[in-house]
Structure formats: C-alpha cells, structure tokens
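Numbering (my numbering), first residue to last: 262 to 820.
Ideal placement from N, C-alpha and C gives every residue a C-beta, glycine not left out.
Given the structure is predicted, the values throughout are model-derived calculations rather than measurements.
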RNA sequence: GCCCCGGUAGCUCAAAUGGAUAGAGCACAGGUUUCCUAAACCUGCCAUCCCAGUUCGAUUCUGGGCUGGGGCACCA
C-alpha cells in the first residue's frame, strides 16, 4: 500500500467516525479503495458510502457528500496537503480522489531513486517458499505443456523473489518406478532392433515409441558395444542410460529456456533414504492407515478426499502417492513456510489426497498451494497443430525454442492466466510485426534507448530545476498514472500467483508509450521540456526492464 | 453420474472482495512519415450462452438448463 493510500485510509476512517458516529473496521475502509479502471474517475476511488448506505439507511450520495466535507478539512494540512488536488462524489456515490500534478509526477523521482528495485514492496511476512514445477518424468523430452509450466514457475519465482520472499526452485525427478522400467525396456528393444536388424518385430503397445529413443539407442551402442545374447544386466544398463540421457536433454532444454532449478530431488534417493518407510510409520502411528484386500490404505476421506487411497499395493510395492507423501512431508521438514506446486490438468484429482496426507501428518494443508496449468493448444495461424503423446509424436519445448526463440516462447506461455486454456499461435510468436506483443514491448524499450542516444548526441547540459510539472498532456498523464500502478500490479501478481498480470500491464505501458511518442517529441529546443520528457521515458524504460525481467524475457537495447 | 477449469465483439482474451458508459489486441474498412526506429500512430465497426433469484447495482453471487475441455486406478 502506498503511503498516500494509507493516509487516505486513515483520513477516511476518521471522517466516517465523525459522520456516522462509529469507527469502521480499518480493513473495510482499506478494501473500499481501488484504482479506478478509467482515468476520469480519479487516482483512487472508494465505494465506502455505497457499502455503508444500507446499514445506516442513508442515500449513498448524501453520505458520500458528508464524508467529502469532512475529508476536505484535511486537504490543507500534511500528510495530504499538496498531494490531493480534489475529492469528488461521482456516479452512484463513489468518492474519487484526484492527485495533484506534483504528486502524479513524484513517481519519477521514486523510480530514479529506486531504479530496478522500484515496484518492490516489503511483504507482510517474508516467506521461505519451495516452488516445485515441471517435474516431468525423464521418459521423453519436455513438451509444450512442460514449457508452459516452466515459464510459469520461473516467472512466479522471480515475482516472489522480487516481493522479498526466499524461493527454492525444485524439480522432483521421478527417476525410478514403473515408467522408468518401461523406458529401459523400450531402449533395450530399440538397441536390439538396430543390432539384430529385427525391425519387423512390433514394438509393444505400452512402450515409449518416440523417435528420440532410436538416437539414444545408437549412442548406447557406440558407448557399450553390446553384443547379443545380452547379459542379465543389459536391461538395467539400458534403464539407467536412457533415464540419464533424457534427463540431460531436459536440463539442456530448461537451461536454453532460461529456467534454472536450485535443486533436483531424486525419487530414487528418497526411496533409498528410508524416509518413505518412516513416513508410513508416522501415518500408521496417527491411526490413518488400515489394511484391506491385502493392501495398505490411507484413510484420506477423513481429510476431505472422495475415497481412501492405496499406499502399498497387494504385491508389496508402493503406489506413486506414497513416496510423494514422504517427499512433501520432507519439504515441510526442510523448513519451508509455503509449498507451491505447478501441475498439469491431469493431476487435479490428485490434489485432494496429497493435501489430505499432509494434514494427516500435522501440516497446515493451506500452506500447500497447487496450481493447475491448463493445456496448451498449438496453432500455426488458423490451423491447429495436433499433438498425440501416445503415437510418440508431440511438439517439444525444443521445437518451440528453435521455432520462436526463448523470449517469444516464454512470453506467449505467460500471456494467459494459468488456469485458462492457452492457444499458442506459432506463426504470431514468430512474426516480427506489430501484432506480436513481445516485439511491441521490446520495441518500445529499444526505442527509448534510441531516444537516449539521440539526446546524448544532440543536447547540452540538463536544466537544474525539476521540470516535471511540464508533463501535463493526456499522454504524459496516462504514462505517469501507469508507472505509479506498477507496484500494485506486482503485488496482485504475487497474491494471485498470476504472472499474466505483469504481461498485461507491460502491454498497456507499451501502448501508452508508443502513443505518447507518436504525438510528442522528446528531444526538442525546449530544454526544460526535454529534460522532463527524458526523465519520463527513462522511467518507463526502467519499468520495462523490471517487468520483462519478472517474465524472464530480455529487454534489448537495439532491434 | 461426481469433481475441476471454461462460455464476454467475426477470432483470442480483460474487467480488483458485486460498482460508474463491459475494456484491449487481431481481423475488416480507411488514413498518418521533411523530425528521437513505420516493429509505430490515428479513425470507424461489433459483445456478457439461456431462464429465474438475491441486490440500490450482477460479466461477477445463488438455483436450474445448454455447451467446450480435463479428471474420476492396487497408473505415474
């Protein structure tokens, strides 16, 4: 909350007390403030009169007028003096606050002073957060779906860090289990296929059929020179080889996508640590585990799940859930205040049981937040690009990187809120035209750099006086207003865990800048005006750099 | 059948805990450059799935319907 908003909140609370006799809850007053959608409704707006009118049986406009009178008393003195120009009652009973010009322009000073830290705010509570994302099984290359999760997770981490939290980016590596075994068998099959020229044999339905295993098979042959008949450990060798090769590829893709994990948490190591058994014992001790039909069950229905879940199958092996429970238990034990998981839509049924398990273990389930990133549909212009994992064909993250590059890729993955389906138009992302929002924003940033260069070459000394009061036309006011909203946007993105808010903001700022630029010369004969406008565009550039940084998109100086 | 996410302009999406005349971009039609990058700008056109309810006020909340996607394992 900005200090002006805070002062207004306090003043308004006092005014309410004087007008209706009782002090209102501070939270209600604060919540009544918003930044109006439209500029003509002022810089801040409160709907408190509308809210109070029912309870106090007074028409909202009349009530608002009374509050306005009380508030106007305070405009002559600090902290509101020279900051609030006027207060108006508008619409059905909104109280609208209009800042003075000096106050509007004061954001420039703040940006100059704070630089890239501008927009940061001290969180109410600084949290230690574990953000788990991607966590794709190392059975094949990363797909577009993982791309979205990677972009989302990394950007979220940047936003949370910007807001003062400590974030650990973690990848849970499912490096053992049924799927990895199948992967090993699939590679063994491919190797034999090559060595024994046995291409006619049908690959079993459940095997990983993607072409990428053929390449890995060739590498395997080159390295080990295996000869039939294959020894007993052949398949095991294949399993390890395939798994590790694929994981290498995944890590390379992530690196090239600009996503760096702080840690990779191995399911295999977890299994060997004895932690899973310990967690199971803990659950047993809590009395939430029972035996039935030869299997071991978790009574998750006690914690709001639809049905109870099997922990240990009747064949003695664990389900996927069991080590995962242990893993999340360990996350809490490692001292994180909050856990955030980003999962694909196929996992949504999984959330309830995972939360149930953590509650059973004595953790507050609300400290585990699971974000479901909805599916991505690829388009090439109008035409949908079909993906089918089963046939072993899918569009990979690598292809996105090769086709549209890192910046456009990341940007387009972030452009919608994560719980909405995403249409990703490859043709648009590739295009270098004004319809492409990435270029639109980056171009604005580069254009400002160009103005700065021009200014450096043509202008002499800067005027000493503060000339920001010269920024009065509609474009300049619009930009100033947007700049002062940046902080609120970042805070909203932090609260909702939605980076797309930053995207939308940057698009708006870019539009405002381009419009300003089209109508106004920055560098002119008027030294004071030039100075003021240089400050303005420099401030815009700072915010672009900051905002693009939160998305993990570069801010080029030249295009 | 149950659960989750959706349904807003021709298309893709916004809209703060229920607020003011529902905003953008694309597409379409037209226009703008002696000047800091035309990768830009300007003008015009077009919308809340349906039916009730709550409310001073509903895209937002409630109920019912229609509709798109995903999920409902001793798979991972």
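Residue i - containing beta strand (DSSP E), residue span
i: residue 553; result: 550-553
i: residue 597; result: First-last for residue 597: undefined, no H or E at that position.
Three-way DSSP call (helix, strand, coil) for residue i in this model
i: residue 649; result: Confidence at residue 649 is low in this model, with a pLDDT of 47, below 50, so the placement of that residue should be treated as unreliable; the coordinate-derived value is given next. Residue state, collapsed to three classes: strand.
i: residue 704; result: helix
i: residue 757; result: helix
i: residue 657; result: strand
i: residue 676; result: coil
i: residue 418; result: helix
i: residue 617; result: helix
i: residue 405; result: helix
i: residue 564; result: helix
i: residue 485; result: helix
i: residue 468; result: coil
i: residue 579; result: strand
i: residue 631; result: strand
i: residue 448; result: helix
i: residue 822; result: In the structure displayed, the chain extends from 262 to 820; residue 822 sits before or after that span and is not available.
i: residue 454; result: helix
i: residue 332; result: helix
i: residue 622; result: coil
i: residue 338; result: coil
i: residue 732; result: coil
i: residue 693; result: coil
i: residue 398; result: coil
i: residue 379; result: coil
i: residue 815; result: coil
i: residue 784; result: coil
i: residue 312; result: helix
i: residue 385; result: coil
i: residue 720; result: coil
i: residue 670; result: helix
i: residue 532; result: helix
i: residue 849; result: The question about residue 849 has no answer here: the residues shown for the chain are numbered 262 through 820.
i: residue 321; result: helix
i: residue 343; result: coil
i: residue 698; result: helix
i: residue 284; result: coil
Which residues DSSP lists as bridging residue i, in chain order
i: residue 429; result: 391
i: residue 361; result: Answer is none; residue 361 lacks a bridge partner.
i: residue 637; result: 683
i: residue 306; result: 295 and 357
i: residue 527; result: 434
i: residue 348; result: 358
i: residue 559; result: 550 and 570
i: residue 644; result: 641
i: residue 604; result: 633
Where the alpha helix (DSSP H) through residue i begins and ends
i: residue 800; result: 788-812
i: residue 573; result: First-last for residue 573: 570-573, but that is the beta strand (DSSP E), not the alpha helix (DSSP H).
i: residue 280; result: 264-281
Residue i beta carbon near the ligand SAM (any heavy atom closer than 8 Å)
i: residue 480; result: You won't find the ligand SAM in this model; it holds no ligand whatsoever.
Secondary structure, alpha helix (DSSP H): runs of 4+ residues fully inside the stretch 491-524: As far as the stretch 491-524 is concerned, its whole alpha helix (DSSP H) runs of at least 4 residues are 495-517.
Are at least three pairs of beta-carbons, each pair with one atom in the stretch 739-756 and one in the stretch 802-812, less than 8 Å apart? yes
Quick check: the stretch 773-789 against the stretch 677-693, are there 3 or more CB pairs under 8 Å? no
For the structure I just gave you, are there three or more beta carbon pairs, one from the stretch 428-446 and one from the stretch 464-476, closer than 8 Å? Under the Cβ criterion (8 Å, minimum of three pairs), the stretch 428-446 counts as touching the stretch 464-476.
Are the stretch 812-820 and the stretch 407-416 in contact at 8 Å, needing three or more beta carbon pairs? They touch, by the three-pair rule.
Are the stretch 422-429 and the stretch 542-556 touching by the rule of at least three beta carbon pairs closer than 8 Å? no
Taking contact to mean 3 or more Cβ pairs, one atom from each stretch, closer than 8 Å, check whether the stretch 610-627 and the stretch 396-414 are in contact. Result no; under three Cβ-Cβ pairs closer than 8 Å.
Counting Cβ pairs closer than 8 Å, one from the stretch 582-598 and one from the stretch 526-543, do we hit at least three? yes
Tell me whether the stretch 502-519 and the stretch 659-671 touch, counting them as touching only if at least three CB pairs, one residue from each stretch, are closer than 8 Å. yes
Decide yes or no for the touch test of the stretch 764-775 against the stretch 698-712: beta carbon pairs closer than 8 Å, at least 3 of them. Yes: at least three Cβ pairs fall under 8 Å.
Hey, is the stretch 364-378 in contact with the stretch 621-641, meaning 3+ C-beta pairs nearer than 8 Å? no
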